[in-house]
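Novice: For reference, the structure I am asking about is given below.
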Amino acid sequence: MKGLHEAGMGVRNIARRLERSPNGVSYALRAPEKTKKKGGRPRSLTDRQVREVVRAAATGDYSAAELKATYGLSCSVQHMLARLEFAQRLSTAAQKEVTRQNGGGSLMVWGAFGTKGKSELVVLEGARTLATTSTLCRSICSRLLTSTTEIGVQLLDWPARSPDLNPIENVWAILARKLCGHGMQYNSVPELTAAVMKAWNSAKMNELQDLLDTMPARCFEVARKNGEKTHY
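Numbering (UniProt numbering), first residue to last: 1 to 232.
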């Protein structure tokens, strides 16, 4: 890898040749002395303590004040209540593009779920490119915010560039396994659409609730890793 780089080959070409990810190649080529030290304050809790706190909170037998006193947590009770309330109020939504394995068409779908249930899966009609999406976002953003405020939809603060916190990414992965299991292939976009709808409708609410219940642990882990990628 180092020899290819010294020979003038770019990171992406090296990654393609060695069948590795560009990020992995870039990290491997980075000199140890140039590796940035993680920022932020030192961790307040060990991995074991985090697991203990999460397990205790999940039982429902402890108030926020009792958790703080029992485990010697340094955060305020108000902060703990806010994080727990955030997880309870969570409603997550995203869109996903599904492509036929042999080409010849794809579809973009949008779905959402929360503690009260899941939405219908919506198929977005027409071609969608980065340029058209950006234009649409600029034109409807202000109107969307106004409309949601008028009908009383409460918006959640969501950290930028944080797909690791969004449990719907796990839902897309579950649907993908259902769609592609046993070498399944689809002959047309309508056939693919029907299969996607069936997979979404078959998603059980208890499975979705299990994903929502991981939000406190996700928040703990992303904070512990100073915003870096989590195992979720």
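Note that the Cβ used here is the ideal one computed from N, Cα and C, for glycine as well.
Assuming the contact rule is C-beta atoms closer than 8 Å, residue 235 and G117 should be a hit. Round their C-beta distance to whole Å, please.
Specialist: Past the boundaries of the shown model lies residue 235; the chain is included only from 1 to 232, so the question cannot be answered.
Novice: Opposite G117 in the DSSP bridges: which residues?
Specialist: For G117, which the question treats as bridged, DSSP gives the partners G114.
Novice: Just to check my reading of the structure: A195 and V54 have Cβ atoms closer than 8 Å, yes? What is that Cβ distance to the nearest angstrom?
Specialist: Rounded, the Cβ-Cβ distance is 36 Å, inconsistent with contact.
Novice: Evaluate Y186 with the Cβ neighbour count: other Cβ atoms within 10 Å of its Cβ, from every protein chain shown; 16 or more gives buried, anything less gives exposed.
Specialist: That one is buried.
Novice: Considering only their Cβ atoms, is the gap separating A203 from L179 smaller than 8 Å?
Specialist: Cβ atoms of L179 and A203: not closer than 8 Å.
Novice: Could you tell me if R12 is buried or exposed, where buried requires 16 or more neighbouring beta carbons within 10 angstroms of its beta carbon?
Specialist: The residue in question, R12, is exposed, as its Cβ has fewer than 16 Cβ neighbours within 10 Å.
Novice: By the 10 Å Cβ neighbour count, where 16 or more other Cβ atoms means buried, how is N166 classified, buried or exposed?
Specialist: So N166 counts as buried.
Novice: In its own chain, which residues sit with a C-beta less than 6 Å from the C-beta of N170, not counting the 5 before and 5 after it?
Specialist: These residues qualify, in order along the chain: L211.
Novice: Locate the alpha helix (DSSP H) running through L18, then write down its first and last residues.
Specialist: Segment V11 to L18, the alpha helix (DSSP H) holding L18.
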